[in-house]
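If you count by my numbering, then the sequence shown holds residues 1 to 361, one letter each, in order. Don't be surprised by glycine CBs; every beta carbon is placed ideally from N, CA and C. So the structure is just underneath, and the comments pick up after that.
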Amino acid sequence: MSNHYRPTWAEINLDHLWHNVLEARKAAPGKEIIPVVKANAYGHGVIPIVSFLHEKGIPIFAVSTLEESLELRNQFKDIDILMMGPILESDLKVASKHHIQITLYNLPIIDAVLKQDLPLICHLKIDTGMSRYGLVDTDDILKAIHQLSIHSQVDLRGIYTHFATSSEQDALYERQLERLMNLLDLIPNKPKMIHISNSSSIFKREQTLDFTTHVRLGISLYGLSLDNPKPDLKPVMSLKSKVVEIKSLKKGDTVGYGGTYQASENERIAILPIGYADGFIRRNKTGSIEIRDKKQKIVGIICMDATFVKVDEEVRVGDVATLFGGMITIDEVAKRLNTITYEVITQVSYRVPRVTKRSSI
Ligand SMILES: Cc1ncc(COP(=O)(O)O)c(C=O)c1O
C-alpha cells in the first residue's frame, strides 16, 4: 500500500534513464559506466535508481559520503561502491568492513591507510587543476602508488581526476588532461581502473581517450547537460502536482501572504499543494507551470505548502500540473533561478514521493 496521499510527486521515468545510459555508452564505447548516484541520485531516489540499473547489469556506483555508501550497501550486497568524497581516518574500519571503495585524496589519509592492517580498496585521486581533493605533486603521487602497491592489505584499484570544466577548446580542460596523461606515462604498473570523464567530458571527449577504463556519469544520466548543443538525452524527473482548489477572484482581490498579487479583473486562481518546503523555492514566483498543455502563470508568493497559479477557463480541480520536466524544462527553471540544473533537481525535498514509471524496458 502506498503511503503517499498528497497529490504532489516527482515522476521518475526509468525508460528515459536507460536511454541516457545507452547514449553515454555510444559516446564512450568500450568503457564501463559508473553512475554517479550521490545526493539521493541527484534527487531522483537512490534505491529505485540503483535497483533498476543493477538489474540492467551495471555493477558499480559512485556516491560522495560514507553514509550514502552504507545506505547502498544495506540494500545491495553485491555491487561495487565508490565513495568519492573525503574519508576520515576514524572511518577506515567501517569502509573496510562494508567493502566500500575509498578515495585517497591527500597525504595524511594515505599515511593512515598505510599504517593500518585493514583490507581496503582504494582509488587515488589526482588534483590536476580543480584544487579540491587530490594529490598534486608528482613525486608524492609516485611514492604513494609504490607504497600502496606493496602494502599486503591494500588493493589500489583505481586512479582518477575530476575536471573543473569540460568545454571543447577549453584551456583548463586541456591542461588537466595533459597533466594526467603525463603522470600516467610515469606509472609502470597502472591500477586496473582509470577514470576521468564526467558527463560533459564523456560526450565531448571520451571517444578520443584511449587510456581510460571507466567514466563517471552524473547529470546526463538524469537527462541533463551543461553543453550546447546538448547530446540526445531525455529528462528523467518531472515534478508534478494536482489542482486541489480554484478560487474565483473579483477585480481588486488579493492572493496569498502580503497580498502581493491583486486581480486586475475577474480571475481564476488554481491552488497547487506544493511549496518551498518541497523544493519549489519562492524565487520560482516569476515563472509558469504547465496544465493542459499550456503555460499558466504563477502569481503571489509561494507558500511553504502551496502555490497559486492564474489559470484559464478550461482548468479544473484534479488537473495535473507539471512544474518542470515537461513543456517547462529543468534548464528553463535553472535559468529562472539563476542557477544550474544540478541545484534544481537536488533541491526537491524528502517530502515529495518519487514515483517511478517504466514502460517499454
Ligand atoms: C568526482 C566526481 N565525478 C563525477 C561527477 C559527475 O559529474 P557530472 O554530474 O557533471 O556528470 C561528480 C559530480 O559532481 C564528481 O564530483
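Close Cβ partners of Thr346 (< 7 Å) along its chain, the five nearest in sequence each way excluded: Here the question's residue 346 lines up with position 346 in the sequence shown. Excluding residues within five positions, the ones whose Cβ falls inside 7 Å are Ala39, Tyr42, Gly43.
Glu68 burial status per 10 Å Cβ neighbour count (16 or more: buried): Walking along the sequence shown from the start, residue 68 turns up at place 68. Residue burial is scored here from C-beta neighbours: Glu68 has at least 16 other C-beta atoms within 10 angstroms and is therefore classed as buried.
Arg73: CB within 7 Å of a non-hydrogen atom of ligand 1: Here residue 73 is taken as the residue at index 73 of the sequence shown, counted from 1. Result no, Cβ not under 7 Å from ligand 1.
Segment contact flag, the segment 223 to 230 with the segment 278 to 287, C-beta cutoff 8 Å, min 3 pairs: They do not touch, by the three-pair rule.
Alpha-carbon spacing of Val355 relative to Phe211, whole angstroms: For the purposes of this step, residue 355 is taken as the residue at position 355 of the sequence shown. For the purposes of this step, residue 211 is taken as the residue at position 211 of the sequence shown. As the crow flies, the alpha-carbon of Val355 is around 39 Å from that of Phe211.
beta-carbon Ser220 near ligand 1 non-hydrogen atom, thresh 7 Å: In the sequence shown, counting from the first residue as 1, residue 220 sits at position 220. Yes, the Cβ of Ser220 comes within 7 Å of a heavy atom of ligand 1.
Own chain, CB closer than 8 Å to Thr286, minus 5 neighbours either side, in chain order: Here residue 286 refers to the residue found at position 286 of the sequence shown. Ile298, Arg336.
Cutoff 8 Å; reference Leu148; Cβ partners in own chain excluding five residues on either side: In the sequence shown, residue 148 corresponds to position 148, counting from 1. Around Leu148: Leu104, Ile110, Val113, Leu114, Cys122, Leu124, Val154, Leu156.
Met237: CB within 7 Å of a non-hydrogen atom of ligand 1: For the purposes of this step, residue 237 is taken as residue 237 along the sequence shown, with counting starting at 1. It does not: the Cβ of Met237 is nowhere closer than 7 Å to a heavy atom of ligand 1.
Continuous alpha helix (DSSP H) stretch holding Arg205: start and end: What you label residue 205 is simply residue 205 of the sequence shown in a count that begins at 1. It spans 199 to 205 - the alpha helix (DSSP H) in which Arg205 sits, taken as one unbroken run.
Residue environment, Ser90, which counts as buried when at least 16 other CB atoms sit within 10 Å: In the sequence shown, counting from the first residue as 1, residue 90 sits at position 90. Under this definition Ser90 is an exposed residue.
Short Cβ contact (8 Å threshold) for Leu172 with Gly129: Translated into positions along the sequence shown, residue 172 becomes position 172. Translated into positions along the sequence shown, residue 129 becomes position 129. Cβ atoms of Leu172 and Gly129: closer than 8 Å.
Under 8 Å between C-beta atoms of Ser238 and Gly318: For the purposes of this step, residue 238 is taken as the residue at position 238 of the sequence shown. For the purposes of this step, residue 318 is taken as the residue at position 318 of the sequence shown. Their beta carbons are not under 8 Å apart, which means Ser238 does not touch Gly318 by this criterion.
Proximity test, Val36 beta-carbon vs ligand 1 heavy atom, cut-off 7 Å: Against the sequence shown, residue 36 aligns to sequence position 36. Under cutoff, so the answer is yes.
Beta-carbon contacts of Gln23 that lie in its chain and below 7 Å, excluding the five residues immediately before and after: As a working note, residue 23 is residue 23 in the sequence shown. A small fix is needed here, since residue 23 is Glu in this sequence, not Gln. Correct list, in chain order: Pro231, Asp232, Leu233.
Range covered by the alpha helix (DSSP H) that runs through Lys97: Within the sequence shown, the letter at position 97 stands for residue 97. Run containing Lys97: 92 to 97, per the alpha helix (DSSP H) assignment.
Same chain, Cβ closer than 6 Å to His4, five either side skipped, listed in chain order: Here the question's residue 4 lines up with position 4 in the sequence shown. Excluding five sequence positions before and after His4, the CB atoms of its chain that fall closer than 6 Å to its own CB belong to Pro353, given in chain order.
Bridge partner(s) assigned by DSSP for Phe76: The residue given as residue 76 occupies position 76 in the sequence shown. Within the DSSP secondary-structure output, Phe76 pairs in no beta bridge.
Where Ile49 sits in the DSSP three-state scheme: Here residue 49 refers to the residue found at position 49 when the sequence shown is read from its first residue. If DSSP states are grouped into helix, strand and coil, Ile49 belongs with the helices.
Arg25: first and last residue of the uninterrupted beta strand (DSSP E) it sits in: As a working note, residue 25 is residue 25 in the sequence shown. Element bounds for Arg25: not the beta strand (DSSP E) but the alpha helix (DSSP H), 14 to 27.
Secondary structure of Ile109, DSSP reduced to three states: Taking the sequence shown and counting its residues from 1, the one referred to as residue 109 is at position 109. Assigned with DSSP and collapsed to three states, Ile109 falls in helix.
Contacting residues, own chain, Cβ-Cβ under 8 Å from Gly275 (five flanking each side not counted): Numbered from 1 along the sequence shown, position 275 holds the residue referred to as residue 275. Closer than 8 Å at the Cβ level, and outside the excluded window around Gly275, lie Ile302, Cys303, Met304, Asp305, Ala306, Thr307.
Nearest-angstrom beta carbon gap, Ala27 and Gln176 [assumed within contact, 8 Å]: The residue labelled residue 176 in the question sits at position 176 within the sequence shown. The residue labelled residue 27 in the question sits at position 27 within the sequence shown. Distance from Gln176 to Ala27 at the Cβ level is roughly 19 Å; contact not present, criterion being Cβ atoms closer than 8 Å.
Sequence ranges, beta strand (DSSP E) only - wholly within the segment 214 to 296, length at least 3: Correct list: 214 to 217, 237 to 242, 245 to 249, 267 to 272, 288 to 291.
Alpha-carbon spacing of Arg316 relative to Thr341, whole angstroms: Sequence index remark: in the sequence shown, residue 316 carries index 316 (1-based). Sequence index remark: in the sequence shown, residue 341 carries index 341 (1-based). Whole-angstrom Cα-Cα distance: 31 Å.
His162: CB within 7 Å of a non-hydrogen atom of ligand 1: What you label residue 162 is simply residue 162 of the sequence shown in a count that begins at 1. Answer for His162: yes, Cβ within range of ligand 1.
Met193, enclosing beta strand (DSSP E) - first and last residue: Residue 193 sits at position 193 when you count from the first residue of the sequence shown. Here the beta strand (DSSP E) through Met193 covers 193 to 195.
Opposing strand residues paired with Gln101 [DSSP bridges]: In the sequence shown, the residue the question calls residue 101 occupies position 101. When DSSP reads this structure, Gln101 sits in a beta bridge with Leu82.
The segment 259 to 272 in contact with the segment 62 to 80 per 3-pair CB rule at 8 Å: No, the segment 259 to 272 is not in contact with the segment 62 to 80.
Reference Lys97; option with closest CA among Pro86, Leu66, Met84, Asp127: The residue you call residue 97 lines up with position 97 of the sequence shown. Of the listed residues, the one whose Cα sits closest to Lys97 is Leu66.
Beta bridge counterpart(s) of Leu120 as assigned by DSSP: On the sequence shown, residue 120 is found 120 positions in, with the first residue counted as 1. DSSP output for Leu120 lists Val154 as bridge partner(s).
Residue from Gly300, Asn284, Thr213, Val309 whose Cα sits closest to the Cα of Lys294: Numbered from its first residue, the sequence shown carries residue 294 at position 294. Relative to Lys294, the option among Gly300, Asn284, Thr213, Val309 whose CA is nearest is Val309.
Minimum C-alpha distance to Asp15 - residue among Pro29, Lys56, Phe163: In the sequence shown, the residue the question calls residue 15 occupies position 15. Considering only alpha carbons, the answer is Lys56.
beta-carbon Met84 near ligand 1 non-hydrogen atom, thresh 7 Å: Counting from 1 along the sequence shown, the entry for residue 84 is found at position 84. Yes, since a heavy atom of ligand 1 falls inside the 7 Å radius drawn around the Cβ of Met84.
Separation of Lys242 from Val94, as counted between CA atoms: Position 94 of the sequence shown, counted from the first residue, corresponds to residue 94. Position 242 of the sequence shown, counted from the first residue, corresponds to residue 242. Per the coordinates, the alpha-carbon of Val94 lies some 44 Å from the alpha-carbon of Lys242.
Cβ-heavy atom distance, Asn198 to ligand 1, below 7 Å: Within the sequence shown, residue 198 is the residue found at index 198, counting from 1. Yes; taking the cut-off as 7 Å, the Cβ of Asn198 has a heavy atom of ligand 1 nearer than that.
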